[in-house]
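Colleague: Residue numbers (this note's numbering): -17 to 122. By construction, the Cβ of each residue, glycine as well, lies at the ideal position given by its N, Cα and C atoms. To start, I am sharing the structure in question, which I have written as structure tokens.
Shown next, in the form of structure tokens:
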């Protein structure tokens, strides 16, 4: 299912993206609350500040996805295996579901600086401010 690669500030409340190909998609600030993302391909997607509360992530491919200030609280069917291992997503200030206590929600903050600078061809100084602002997000 080909979709537009950019859903900046868009809303997909309770929508179905089952098996959607969102590889390399720019989903910054997207509201995917309660969305059906089962088996969706989110590889290399940028989910910075995205709201995925209540989204169904069963078998979703999150390899190398960027999760900065991303809200994963209350997601359904998210397994620790989707967030760990080879090519795991980059995590920085991620609000994780209560059940995933074995994962550091800030494990990749330093690594992300270089990843973002390369991916978006921007100076490292710009990325440092970007990541710092994301790290300041407070979770209720």
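Between residue 97 and residue 73, what straight-line distance do the alpha-carbon atoms span, to the nearest angstrom?
Modeller: Looking at the two C-alpha atoms, the distance is approximately 12 Å.
Colleague: Are the Cβ atoms of residue 24 and residue 4 separated by less than 8 Å?
Modeller: Yes, Cβ-Cβ distance for residue 24 and residue 4 is below 8 Å.
Colleague: Starting from residue 102, follow the alpha helix (DSSP H) in both directions and report where the run begins and ends.
Modeller: 91 to 102
Colleague: By the 10 Å Cβ neighbour count, where 16 or more other Cβ atoms means buried, how is residue 108 classified, buried or exposed?
Modeller: exposed
Colleague: By a C-beta neighbour count over all protein chains shown, 10 Å radius and 16 as the cutoff for buried, is residue 88 buried or exposed?
Modeller: exposed
Colleague: Does DSSP classify residue 41 as helix, strand or coil?
Modeller: Correct three-state label for residue 41: coil.
Colleague: Between the Cα of residue 30 and the Cα atoms of 60, 37, 112, which residue gives the shortest distance?
Modeller: 112
Colleague: What residue from 51, 11, 8 has the CA that sits closest to residue 90's CA?
Modeller: Per the Cα distances, 51.
Colleague: Note down, in chain order, each residue of its chain lying with its Cβ closer than 7 Å to the Cβ of residue 9, except the 5 sequence neighbours on either side.
Modeller: Within the same chain, and ignoring the five residues on either side of residue 9 in sequence, the residues whose Cβ sits closer than 7 Å to its Cβ are -11, 27, 28, 29, 32.
Colleague: Span of the alpha helix (DSSP H) holding residue 106?
Modeller: 106 to 117
Colleague: Helix, strand or coil for residue 70, going by three-state DSSP, please let me know.
Modeller: Secondary structure at residue 70: coil, using DSSP grouped into helix, strand and coil.
Colleague: When the distance is taken between beta carbons, is residue 17 closer than 8 Å to residue -1?
Modeller: It is a contact, given that the beta carbons lie within the stated cut-off.
Colleague: Determine the direct distance from the alpha carbon of residue 7 to that of residue 104, and round the result to whole angstroms.
Modeller: 18 Å
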